[in-house]
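Protein chains: 2
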Amino acid sequence: MAQEQPCSGSVGIVQPSDYLFEEELPLDCGRSLKGVVIRYETYGKLSPNADNAVLVEHALSGDAHLAGYHSPEDKKPGWWDDMVGPGKPFDTNRLFIVCSNIIGGCSGSTGPRSIDPDTGRRYDMDFPIITIADMVRAQERLMRHLGIKKWFCVAGGSMGGMLALQWGVSYPEAVNGTIAIATTARVSSQGISFNWVSREAIMNDQHWLDGNYEEQPQRGLATARMLAHITYLSDESMNHKFGRALQESPASDYDFAFSKDFRIESYLAHQGSKFVERFDANSYLYITRAIDYFDLSDCAEGNLANALKPVAAPFLIVSFSSDWLFPAYQSKELVRALLDNGNDVTYCNIQSSYGHDAFLLETEALGSLISSYLTNLPWEPPE
Amino acid sequence: MAQEQPCSGSVGIVQPSDYLFEEELPLDCGRSLKGVVIRYETYGKLSPNADNAVLVEHALSGDAHLAGYHSPEDKKPGWWDDMVGPGKPFDTNRLFIVCSNIIGGCSGSTGPRSIDPDTGRRYDMDFPIITIADMVRAQERLMRHLGIKKWFCVAGGSMGGMLALQWGVSYPEAVNGTIAIATTARVSSQGISFNWVSREAIMNDQHWLDGNYEEQPQRGLATARMLAHITYLSDESMNHKFGRALQESPASDYDFAFSKDFRIESYLAHQGSKFVERFDANSYLYITRAIDYFDLSDCAEGNLANALKPVAAPFLIVSFSSDWLFPAYQSKELVRALLDNGNDVTYCNIQSSYGHDAFLLETEALGSLISSYLTNLPWEPPE
């Protein structure tokens, strides 16, 4: 799918594809979805015996556009372009990389703003509550559609890490290796709380209209995003980058107003307004709920090691020292459970001041861990 | 003012008083306020030479009702009743304790919902932006009104600690000792950010009406409070108290809905709805802005030690190990500045899992520190 470009290291110009399911997709909530579409992109070439396919999972606000450019005029590459391409950690000279937009999303795959084939109208809040396992169930169909029986590796950061972990529990026979970065096996009470407050901000926007808006509830969605953004940074990185600096610099004094006075306020407002241009409010509600419901140990009455028992594959687990959204202790809990099960585990808590965002910023440290893991990962053919 | 009651340790039945300023109160923003009223309560007796007066400062959502009961039917005592009374750390057998509602507040003192004497209408958003120093300036008038030239001690936690610290910088000659608990000398970028998001939640409530509401913007204010409440707890205490427990217990499964499913969601919603019954949305806006603007070092071009130079009095500084709203490193910054200046400083970082809320919960550890500090604090009479 990717065309070769002269610029070294880039997968070049890429195009997304859509895969329409013929059969209904059953969901954890008991309902099912008809006419599901999955949008995806691929980079590199699938080997004749399909032993080099890697699925990369995106985070809450991500999409299928992992690497490369959609057109020669495109100024911004895919969201993990640093990591995916010829000679890069996810090396497209060797690997066939797949990235698909999750169901519930708003970037091509079926989500709450899609048309319900039964009614001919948008689902909006009639969309069923979906789970991380549902998202993985949809991806499993895509895997078969692509002629793949087993992923060489499934990888992801943040919510993407939850999907990567869920793959092992849902389809252990289809996973040869797992990379889970800045993530958790179960979302904490604090994580659930931030999501709750974010949804309140959206649902209390008068333009939300019980989800039946034509135009986005911009301010509510921006508020939700600004709150989330705080949890992606660290206290230390905020002090370092913004501190108490005022927007007007050199500043003589405070504005004595409620408008954006501090530089951090202006930064957050900018993040909020950029977000509403590219992301849908109802999708935000559904995806955060899926995150709340994520507990890998649910299938084993809360025992994480038992839940992971069927997964024989080696893991790479990475946390970041200043990540307080999915703190290192949560990765360590996962590592302990895997060690209890006798799995091969590579674990690193990368020292970084960037907070949760480190998983997108610490490309050098993370890249060498991923490179090394993927280079040394043995291939166990499917049964 | 307090009547004796048989129940040991209580200041008994107390009544608030109002003090109306005759003269305008000048403010940092350049404007001034006419007809300011300060609501306050006192406990114990002022000694003949006025050497036993202690000012206790309340936090963001506090009020003048520090201890005791307003009537025999009153079920709930003042907000720090554990700490204030005969034989308690703030010992009313020995000390004369004063607590006043801050200006900008909504519990008796002049605030945005007060009537502007110039227009005969509520200020609402025409209320001037006030600062922590303005709140202290108003309290200095109350001090003189009460016949006090110098506080034996000024004490407070959280925002109350900011006022206690500000007293030393604004009126060093009027402060004999300072107790600053779970607070900071300057609010961090992260603190400013949470306040920003909270105000967005309020101002985006369609019932806020640019501040001219007759009925509270309940949902926006509740959202702001829920967010703040998360920052008052610790990840650890939330995991311990709520974890991922569902509201229906024993729970068989998720609700697959956006309603309150987890116990923590129900708890937060309860905190939010209780709050809107007792606190005003516009006050919340003004007080959080005052907190944003708090930087004790502003008067000394950012040099905290220089700002504190005029304060000769001994300090008690207390932080809590799991407080991430005003983390221990912020108290330590303050301690270092005071040590550089040669001040007597008692500092303790109390080990606690309660997060910022520890300042209201760790009464035993905190009480013995305060007791010991107040018992040993020498009195330096005013010039």
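Here the protein sequences line up with chains A and B, keeping their order.
In this text, residue positions in the first sequence follow the working numbering: the first is 1, and each later residue adds one.
In this text, residue positions in the second sequence follow the working numbering: the first is 1001, and each later residue adds one.
Backbone N, C-alpha and C fix where the C-beta goes; we use that ideal spot for every residue, glycine too.
As the structure is a prediction and not an experimental result, all values here were calculated from the model.
Is there a C-beta anywhere in chain B that falls below 8 Å from the one on A/E265?
On the first sequence, position 265 is the one that residue 265 of chain A refers to. Yes - at least one Cβ of chain B is within 8 Å of the one on A/E265.
Output, in sequence order along the chain, the residues in the stretch 1198 to 1212 of chain B whose CB is closer than 7 Å to any CB in chain A.
R1199, E1200, A1201, N1204, D1205 and Q1206
Give a yes or no on whether the minimum CB-CB distance between A/F256 and chain B is below 8 Å.
To locate residue 256 of chain A, count along the first sequence from 1; it is residue 256. Yes, contact with chain B.
Contact residues within the stretch 172 to 187 of chain A, judged by C-beta distance below 7 Å to chain B:
R186
Beta-carbon within less than 7 Å of B/G1087's beta-carbon, same chain only, minus the 5 sequence neighbours each way: which residues are those?
Here residue 1087 of chain B refers to the residue found at position 87 of the second sequence. G1009 and N1093, listed in sequence order.
Environment of B/K1274 [buried if 16+ CB atoms lie within 10 Å]:
The residue given as residue 1274 of chain B occupies position 274 in the second sequence. By the neighbour-count rule (16 or more Cβ atoms within 10 Å), B/K1274 is not buried but exposed.
Specify the secondary structure class of B/D1292 as computed by DSSP and reduced to three states.
If you number the second sequence from 1, residue 1292 of chain B lands on position 292. Helix.
Report the partner residues of A/W151 according to the DSSP bridge assignment.
As a working mapping, residue 151 of chain A is identified with position 151 in the first sequence. Answer by DSSP bridge pairing, in chain order: A/V175.
Where does B/Y1373 fall in DSSP's three states?
Numbered from 1 along the second sequence, position 373 holds the residue referred to as residue 1373 of chain B. Here B/Y1373 sits in helix by DSSP.
Please report the distance separating the alpha-carbon of B/V1276 from that of B/Y1286.
Numbered from its first residue, the second sequence carries residue 1276 of chain B at position 276. Numbered from its first residue, the second sequence carries residue 1286 of chain B at position 286. Rounded to the nearest angstrom, the two C-alpha atoms are 16 Å apart.
Within the same chain, show all residues whose beta-carbon is closer than 8 Å to that of B/V1136, passing over the 5 residues directly before and after it, in chain order.
Taking the first residue of the second sequence as position 1, residue 1136 of chain B is located at position 136. Hits under 8 Å: L1163, Q1166, W1167, S1170 and Y1171.
Per DSSP, which one or two residues make a beta bridge with A/Y19?
If you number the first sequence from 1, residue 19 of chain A lands on position 19. Looking at the DSSP assignment, A/Y19 forms a beta bridge with A/I38.
Count Cβ pairs between the stretch 350 to 364 of chain A and the stretch 226 to 242 of chain A that sit closer than 8 Å; are there 3 or more?
yes
Please report the straight-line C-alpha distance between A/I102 and A/E140, rounded to a whole angstrom.
Counting from 1 along the first sequence, the entry for residue 102 of chain A is found at position 102. Counting from 1 along the first sequence, the entry for residue 140 of chain A is found at position 140. Taking the Cα positions, A/I102 is about 12 Å away from A/E140.
On a Cα-Cα basis, can you pick out the residue from B/N1212, B/R1278, B/T1042 and B/A1228 that is closest to B/L1268?
Working through the second sequence from its first residue, we reach residue 1268 of chain B at position 268. Comparing Cα-Cα distances from B/L1268 to each of B/N1212, B/R1278, B/T1042 and B/A1228, the minimum goes to B/A1228.
What residue range does the alpha helix (DSSP H) around B/N1349 cover?
By 1-based counting over the second sequence, the position of residue 1349 of chain B is 349. Where B/N1349 is concerned, there is no enclosing alpha helix (DSSP H), although the beta strand (DSSP E) it sits in stretches over V1345 to I1350.
Hey, B/A1053 and B/C1099: beta-carbon distance below 8 Å or not?
Along the second sequence, read from residue 1 onward, the residue named residue 1053 of chain B stands at position 53. Along the second sequence, read from residue 1 onward, the residue named residue 1099 of chain B stands at position 99. It is not a contact, given that the beta carbons lie outside the stated cut-off.
Using CA atoms only, rank isn't needed, just tell me which of A/A290, A/E265, A/S188 and A/Q330 is closest to B/M1238.
Taking the second sequence and counting its residues from 1, one reaches residue 1238 of chain B at position 238. Residue A/S188 is the option with its Cα nearest to B/M1238.
Let's test the definition: count the other Cβ atoms within 10 Å of the Cβ of B/E1073 and tell me whether it reaches 16, buried, or not, exposed.
As a position in the second sequence, residue 1073 of chain B is number 73, starting the count at 1. The residue is exposed, with fewer than 16 neighbouring Cβ atoms inside 10 Å.
is_contact[A/Y43, chain B] using C-beta, thresh 8 Å
Here residue 43 of chain A refers to the residue found at position 43 when the first sequence is read from its first residue. Taking 8 Å as the CB threshold, A/Y43 stays off the interface with chain B.
Taking the alpha-carbon positions, what's the A/V154 to A/V36 distance?
Taking the first sequence and counting its residues from 1, one reaches residue 154 of chain A at position 154. Taking the first sequence and counting its residues from 1, one reaches residue 36 of chain A at position 36. Straight-line Cα distance between these residues: approximately 22 Å.
Could you tell me which whole alpha helix (DSSP H) segments of length 4 or greater appear in the stretch 300 to 359 of chain A?
The stretch 300 to 359 of chain A contains these whole alpha helix (DSSP H) runs: 304 to 308 and 328 to 340.
Option nearest A/W79 by Cα separation, candidates A/W324, A/G157 and A/Q351
Sequence index remark: in the first sequence, residue 79 of chain A carries index 79 (1-based). Measuring from the Cα of A/W79, the nearest candidate turns out to be A/G157.
Quick one: complete alpha helix (DSSP H) runs, 4+ long, within the stretch 1196 to 1261 of chain B?
1218 to 1232 and 1235 to 1241
So with Cβ pairs under 8 Å, would you call B/Q1139 a contact of chain A?
Looking up residue 1139 of chain B in the second sequence gives position 139. No, no contact with chain A.
By DSSP, does A/R186 sit in helix, in strand, or in coil?
Along the first sequence, one-based indexing puts residue 186 of chain A at 186. The answer is strand: DSSP assigns A/R186 an E or B state.
Using a beta-carbon distance below 8 Å, is B/N1303 in contact with chain A?
Start at 1 with the first residue of the second sequence, and residue 1303 of chain B comes out as number 303. False, the Cβ-Cβ gap to chain A never drops below 8 Å.
In its own chain, which residues sit with a C-beta less than 6 Å from the C-beta of B/G952, not counting the 5 before and 5 after it?
Absent from the model: residue 952 of chain B. The displayed extent of chain B is 1001 to 1383, so no value can be given.
Give me the residue from B/D1253, B/H1270 and B/R1289 with the minimum Cα distance to A/K260.
The residue you call residue 260 of chain A lines up with position 260 of the first sequence. Residue B/R1289 is the option with its Cα nearest to A/K260.
CB contact check: B/N1239 to chain A, cutoff 8 Å:
Taking the first residue of the second sequence as position 1, residue 1239 of chain B is located at position 239. For B/N1239, at least one C-beta of chain A is nearer than 8 Å to its own C-beta.
With C-beta atoms as the reference, is A/R199 less than 8 Å away from A/D295?
Along the first sequence, read from residue 1 onward, the residue named residue 199 of chain A stands at position 199. Along the first sequence, read from residue 1 onward, the residue named residue 295 of chain A stands at position 295. It is not a contact, given that the beta carbons lie outside the stated cut-off.
Is A/P112 near A/N282, with beta carbons less than 8 Å apart?
Locating residue 112 of chain A in the first sequence gives position 112, counting from the first residue. Locating residue 282 of chain A in the first sequence gives position 282, counting from the first residue. Against a cut-off of 8 Å, the Cβ pair of A/N282 and A/P112 comes out as a contact.
Cross-chain neighbours of B/Y1232 in chain A, by beta carbon under 7 Å
Reading the second sequence from its first residue, position 232 is the one you call residue 1232 of chain B. The contacting residues do not exist; B/Y1232 stays about 11 Å from chain A at best.
Which residues of chain B have a Cβ atom closer than 8 Å to the Cβ of A/R219, listed in chain order?
Position 219 of the first sequence, counted from the first residue, corresponds to residue 219 of chain A. The contacting residues are E1200 and N1204.
Taking A/P77 and A/E41 to be in contact with their CB atoms under 8 Å, please state how far apart those CB atoms are, rounded to whole angstroms.
Stepping through the first sequence from its first residue, residue 77 of chain A is reached at position 77. Stepping through the first sequence from its first residue, residue 41 of chain A is reached at position 41. Not a contact, Cβ separation roughly 12 Å.
Integer-rounded CB distance, given that B/G1068 should sit under 8 Å from B/I1013
By one-based count along the second sequence, residue 1013 of chain B stands at place 13. By one-based count along the second sequence, residue 1068 of chain B stands at place 68. About 6 Å; that satisfies the 8 Å criterion.
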